[in-house]
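The sequence shown begins at 57 in the numbering used here and counts up by one.
Ideal Cβ placement from N, Cα and C applies to all residues, glycine included.
Inspection log for the structure reproduced underneath, given as structure tokens.
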Amino acid sequence: MRVGDPFPQRIVCLTEEPTEVLYALGEERRIVGISGFTVRPPRARREKPKVSAFTSAKTDAILELEPDLVIGFSDIQADIARDLIKAGIEVWISNHRSVAGILGYIRRLGAMVGASAKAERYAGEAEAHIAAVEAAAARLPRRPRV
57 MRVGDPFPQR IVCLTEEPTE VLYALGEERR IVGISGFTVR PPRARREKPK VSAFTSAKTD
117 AILELEPDLV IGFSDIQADI ARDLIKAGIE VWISNHRSVA GILGYIRRLG AMVGASAKAE
177 RYAGEAEAHI AAVEAAAARL PRRPRV
């Protein structure tokens, strides 16, 4: 850890979401490995080694990166998490399944890296955008039925 920074310094992201959020928060320097499925931001694919798919991971490659935190998603990655935990790595698996869950995830992830204020702004901007889209949709004269 860097002096004066008690937060994780070497994060491996097993899915795309934490990579995208950490870049949006300006915390990309903490990321040492990403999912091979990461597409946003495009520069992440150029800058970071790819060490996982969604349901599989290169455990040895992850361990070589010496992460102090690995972030994943859902019970689908439980086996990966188990293997990393057995190796002594701290793992956070989230399970957000709604817009509210995603916004909470952004705020929690921001807090985990010492960027609560930035995460609150980012989540607030997303909430404002969602509200604007909902308001615009409410003004539409015709509502299609399925």
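Query	Result
Pull up the CB-CB distance for Leu-165 and Val-68, whole angstroms please, since I reckon it's below 8 Å.	About 14 Å; that fails the 8 Å criterion.
With DSSP as the reference, please indicate the residues paired to Ala-113 in a beta bridge.	Ser-108
Please report the distance separating the alpha-carbon of Thr-94 from that of Thr-71.	7 Å
Have a look at Ala-100 and Tyr-79 and give me their C-alpha separation to the nearest angstrom.	8 Å
Taking the beta strand (DSSP E) that Gly-128 belongs to, which residues open and close that run?	125-129
May I ask which residues mark the beginning and end of the beta strand (DSSP E) holding Ser-91?	87-91
State buried or exposed for Val-202, treating a residue as buried only when at least 16 other CB atoms are found within 10 Å of its CB.	exposed
Roughly how far, in whole angstroms, is the beta-carbon of Ile-118 from the beta-carbon of Gly-89, given that I think they are within contact range, below 8 Å?	6 Å
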